[in-house]
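Report on the structure given below.
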Amino acid sequence: MKKLYFVNGSPRGNNSASKFFIDELNKMIQLENVEVNHCTINNKVNYEELAGSDILIITFPLYVDSLPSTVIEFLVNLEEQAKIIKKSVKVYGVVNCGFFEGIQTRYALKILEHFCNKVGYEWRFGVGIGAGEFMRGTKDIIPFNSEIKKDAHNAFLEVSDDIVSDSNKSKDNFFISPKIPREMFFSEGQKNWVEAAKSMSVSEEKLYDKPFIESV
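Residue 838 is where the sequence shown starts when you use my numbering, and the numbers rise one by one after that.
Written as structure tokens, this is what we have:
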């Protein structure tokens, strides 16, 4: 029986967009004779189990165009285990970001690809998703297979099909943005920041304060 591991690389653990995307992708992957497991790198990680698996789906948020330090540490530890258990594990990446454009994740996915090449894993492809928190935050009012989120849904179908078919055909990464006007995304995001500030008794005007500049 094959083993598939979903790896949640978000520092926020289960309260994260990464976990939301894992749940959505998990619904789409219909596999017989495959043991599906879940791992959150905030908790104790069994690197021997991961290195001995057949498929890894690594998810995490974008941090400064790169990986969170916890994910980097995770990959370093996994590399050590890969030296012991020499197995060509298939790897997929799902990276989300706060930027509207999913293309912002391209360097993070490239880092994952380089990691796979170094340790002898088979890099398949990745999905870079813009407006990750928007995708998660609207899950109860905008379904994942809706027109607005259709591109992300279709990209996950590609991941599912690739796994089910056990394909070795090369594929490019998918870069996704929600199907809403960019201006609307920023406008609604601005409103959310103002509402969050008011909930903590901070006025909208205070959001524009520049204390460090004013103190010079």
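Ideal Cβ placement from N, Cα and C applies to all residues, glycine included.
Supposed close pair residue i, residue j - CB separation, criterion 8 Å
| i | j | result |
| --- | --- | --- |
| Gly965 | Gly939 | 4 Å |
| Ile894 | Phe843 | 5 Å |
| Leu899 | Ala945 | 6 Å |
| Phe993 | Met865 | 5 Å |
| Ala989 | Ile1013 | 5 Å |
| Phe1011 | Glu995 | 7 Å |
Local Cβ density within 10 Å of residue i, reported as buried at 16 or more and exposed below that
| i | result |
| --- | --- |
| Gly967 | buried |
| Met972 | buried |
| Phe1049 | exposed |
| Asn933 | buried |
| Pro905 | buried |
| Lys856 | buried |
Residues of its chain near residue i, where Cβ-Cβ distance is below 7 Å and the 5 sequence neighbours each way are ignored
| i | result |
| --- | --- |
| Glu970 | Ala854 and Gly935 |
Rounded straight-line distance, which links the Cα of residue j to that of residue i
| i | j | result |
| --- | --- | --- |
| Ile979 | Ile985 | 8 Å |
| Glu1042 | Glu869 | 57 Å |
| Gln918 | Asn954 | 15 Å |
| Lys923 | Ser890 | 11 Å |
| Asn863 | Asp998 | 12 Å |
| Val901 | Glu1020 | 23 Å |
| Arg943 | Lys1008 | 14 Å |
| Ser1040 | Asn991 | 41 Å |
| Glu950 | Ser1038 | 45 Å |
| Asp977 | Ser1036 | 22 Å |
| Ile1017 | Ser925 | 40 Å |
| Lys1006 | Lys1047 | 53 Å |
| Ser983 | Lys920 | 43 Å |
Spatial neighbours of residue i in its chain, beta-carbon cut-off 6 Å, leaving aside the 5 residues before and after
| i | result |
| --- | --- |
| Lys927 | Ile892, Glu959 and Arg961 |
| Glu875 | Note on identity: in this sequence residue 875 is His, with Glu being the wrong assignment. Cβ within range, chain order: Phe843. |
| Gly963 | Gly930, Leu946 and Asn1010 |
| Asn851 | none |
Nonlocal neighbours in the same chain, by C-beta distance under 8 Å from residue i, ignoring five residues either side
| i | result |
| --- | --- |
| Thr907 | Gly846, Pro848, Ile878 and Asn879 |
| Leu915 | Tyr884, Leu887, Ala888 and Val956 |
| Val1001 | Ile866, Gln867 and Leu868 |
| Met838 | Asn870, Val871 and Glu872 |
| Lys987 | Lys1016 |
C-beta contact flag for residue i and residue j at 9 Å
| i | j | result |
| --- | --- | --- |
| Val931 | Thr896 | yes |
| Pro1015 | Phe911 | no |
| Val871 | Lys840 | yes |
| Ser903 | Ile859 | no |
| Phe1022 | Glu861 | no |
Residue i: CB within 8 Å of a non-hydrogen atom of the ligand GDP
| i | result |
| --- | --- |
| Gly930 | With respect to the ligand GDP, the structure shown offers nothing to examine, as it has no ligands at all. |
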